[in-house]
Amino acid sequence: MGEKQWTAERSKRGGRPRQPVKEVRSHRVVTFVTDGQMVGLDEIAQEEGRSRSDVIHRIIAQHLQNMRPIVRR
34 MGEKQWTAER SKRGGRPRQP VKEVRSHRVV TFVTDGQMVG LDEIAQEEGR SRSDVIHRII
94 AQHLQNMRPI VRR
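Per our numbering: the sequence shown ends with 106, consecutive numbering throughout.
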C-alpha cells in the first residue's frame, strides 16, 4: 500500500554507476570448500576488511594473471 511505484524518473536516481563492459562480472562460478577453507577465507576477509566474495574474486583474478597464456577460442 505505501510502497513506491517504479517510474522511469525514479530509476534514474541512485544505484551503482554502470561499470565498463569489460569489467562487469556477469558470469557465476560455484564451488564447494571445506570447513577449514571457509574459516581461512573468512579470516582473510576480516583481516582485509573485505567481503568473502571479494576475497575469492581477488584470489581467482590474481591466479589467472599469473598463469601462462591460454589459447583462447
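Note that beta-carbon positions come from the ideal geometry of N, C-alpha and C, so glycine has one too.
- [ ] Using the Cα positions of Asp87 and Gly47, report the straight-line distance between them to the nearest angstrom.
- [x] One-based indexing of the sequence shown puts residue 87 at position 54. One-based indexing of the sequence shown puts residue 47 at position 14. The alpha-carbon atoms of Asp87 and Gly47 are separated by roughly 23 Å.
Task: Local conformation of Val107 per DSSP, three classes - done: Because the chain here runs from 34 to 106, residue 107 falls outside it and cannot be looked at.
Task: As assigned by DSSP and simplified to three states, the class of Gly73 - done: Taking the sequence shown and counting its residues from 1, the one referred to as residue 73 is at position 40. In the structure shown, Gly73 sits in a helix (DSSP, three-state: H, G or I).
Task: Distance between beta carbons of Leu74 and Arg85, contact taken as under 8 Å - done: In the sequence shown, the residue the question calls residue 85 occupies position 52. In the sequence shown, the residue the question calls residue 74 occupies position 41. About 5 Å separates the two Cβ atoms, so the contact holds.
Open item on the list: Using only the alpha-carbon positions, how far apart do Gly69 and Val54 sit?
Closed with: The residue labelled residue 69 in the question sits at position 36 within the sequence shown. The residue labelled residue 54 in the question sits at position 21 within the sequence shown. If you take the alpha carbons of Gly69 and Val54, they lie about 36 Å apart.
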